[in-house]
Every structure is written in C-alpha cells, then in structure tokens.
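Chemist:
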Amino acid sequence: MYTIGKVATLAGVSPDTLRYYEKERLITPASKTAAGYRLYNDEAVRRIRFIKTAQHCGFSLSDIQELLTLKQAESACCEDVRSLAIEKKLHIEHKLRALQAMSRALDDLIQGCEGGEAATDDCPILAALENSLHEVSL
Amino acid sequence: MTIKIEVIAAPGCRKCASAQGELRAIAASVLGEDRLVWREVSVLEELDYAVSLGVLSMPAIAVNGELRFSSLPTPEQFRTMLTTLASC
C-alpha cells in the first residue's frame, strides 16, 4: 500500500490532483490508516496512469468517467469505446478548424501592418480590431 | 425535387445499422422512392465532410447537406421532419 505522496510520485501527478480525482469519483483510496490517511494499491497507480493517458488524448474527466464505467460494464463492448474515441476526434477536428480560421484571421491582420515605430493610434491591427467592434455593435 | 438524406455513422456501429433500416423505410414512405436519395456516410472515410456538417456525435442525420439530427431521432421525430419538408 502507498501513501498519497508515494502513489502521486509513482504515477507522476501531484497529491492535489489525486484529491481532485477522488472528488470527481475517478479514484478512491483502497483504505485509510487509523489516523485517516489515504492508502492506495497498485490498481490505483494503473488507474491514474490510465486517466493521464486518456487526458493526453483529449478526453475530459467526464469522458474518462464514462470510459472507466464502460471498462467495468459487462454489457459494454469495444464498439462503445471506439464510438467515444471517434466522437472525441470529431470535437478535436472542429477545434482545429476554428484555430486555423483564427490563424488565417491573424495572417490578414499581420499582413496589413508593417510594424515600425509609428504610434499605436496609427496601428492597422488595432484599427482593424476597432472597426470590427463597430461592425459588431451596428 | 429529390431530397438527399445522409446518415453519418461509424462503420460497424450496430445501433446505427439497426436504426437505419427503419428510418430509410419511413423516408421512402413519406417522400416516395423516386424523391429519396439515401446515403450512408462513414465518419472515418469522410471525416472532413462530417466536420463541415458540424457532426459531433453519431449517428447524425443531414438533409440536403444540412445537419438536422445530431443524435438518432425517434421514428416519430424523423417522420415529422420529413412530413414538414415534403409539404414545403
């Protein structure tokens, strides 16, 4: 059995993160000492690593809760997990396109400005942003 | 005028496959086979198209290139949407 500090080090997270995971019902200590300190087993270490890897793939804690539920549900199958992964990919692709649109908008602004030491009152980027604010409020 | 209905789903999705038959039959009965263009879109093979439609969950249904259902509709919801569309 491991203390919270030890299991945190083994899994590469902070003790605060573990307390947060517990609050979100993603992990629970295997037991507690007489003094009330949390104790974790090897399964907890595997679970924390699972959570971290899933987060790295873009899954939110709520998604991970669902994945962990599917993992333990007898009626669930690989197809359910695959569907979740495909839906996550769709969300990421949407975000990528939104970021690309932002990047293109910034390209337009950057191309319209030569920089230099002109006063900010004459800055085309600030002017363009200011004008777009007028357009929004009209 | 034909009406194009696209079901965007993951290949191998049993839930999607079982619902598609029923929804297609409803579409054929409301619109008639000659007005119906039915297409099953694999989200993995046409990811860009699915994203351009705004699909975030599956199965989703697009009508004439516009996302109408972001999850599986009930047969009643689907029939109501088609009836409204057919009367326009």
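Residue numbers (the working numbering), protein chains in the order written: chain V, 1 to 138; chain X, 1001 to 1088.
The beta-carbon is built from N, C-alpha and C at its ideal position, and this holds for glycine as well.
(1) For a quick check, are the C-beta atoms of X/C1013 and X/P1075 less than 8 Å apart?
(2) For X/V1089, which of V/E93, V/R19, V/T69 has the nearest alpha-carbon?
(3) Apart from the five residues just before and just after V/S31, which ones in its own chain have a Cβ nearer than 6 Å to its Cβ?
(4) Would you say X/G1012 lies against chain V (beta-carbon separation less than 8 Å)?
(5) Using only CA atoms, which one of V/L10, V/A34, V/E43 lies nearest to V/L26?
(6) So for V/T3, helix, strand or coil by DSSP?
(7) Taking all protein chains shown into account, decide if X/V1037 is buried (16 or more other Cβ within 10 angstroms of its Cβ) or exposed.
(8) Could you tell me if V/C57 is buried or exposed, where buried requires 16 or more neighbouring beta carbons within 10 angstroms of its beta carbon?
(9) So, at 8 Å on beta carbons, what are the nonlocal neighbours of X/V1019 in its own chain, with the 5 sequence-adjacent residues on each side left out?
(10) Residues of chain V with a CB under 8 Å from the CB of X/L1047: which are they?
(11) Helix, strand or coil: how does DSSP classify X/S1018 here?
(12) Going along the chain, which residues of the region 29-50 of chain V sit with their C-beta nearer than 7 Å to a C-beta in chain X?
(13) Given that a residue counts as buried once 16 or more other Cβ atoms are within 10 Å of its Cβ, and exposed if not, what is V/L99?
(14) So X/A1050 contacts chain V; which residues on that side make the cut at Cβ distance below 7 Å?
Modeler: Reading off the structure:
(1) Here X/C1013 is not near X/P1075, since their CB atoms are 8 Å or more apart.
(2) Here chain X comprises residues numbered 1001 to 1088, so residue 1089 of chain X is not present and cannot be evaluated.
(3) Same-chain partners within the cutoff: L39.
(4) Yes, because at least one Cβ of chain V sits closer than 8 Å to the Cβ of X/G1012.
(5) That would be V/E43, whose Cα lies nearest to the Cα of V/L26.
(6) Under the three-state reduction of DSSP, V/T3 is assigned to strand.
(7) The residue in question, X/V1037, is exposed, as its Cβ has fewer than 16 Cβ neighbours within 10 Å.
(8) By the neighbour-count criterion, in which 16 or more other beta carbons inside 10 Å mark a residue as buried, V/C57 falls on the exposed side.
(9) Note that residue 1019 of chain X is Ala in the sequence shown, not Val. Closer than 8 Å at Cβ, skipping near neighbours: P1059, L1072.
(10) The contacting residues are K89, L90, E93.
(11) Helix.
(12) Hits within the stretch: zero.
(13) Looking at its Cβ environment, which holds fewer than 16 other Cβ atoms inside 10 Å, V/L99 is exposed.
(14) L90, listed in chain order.
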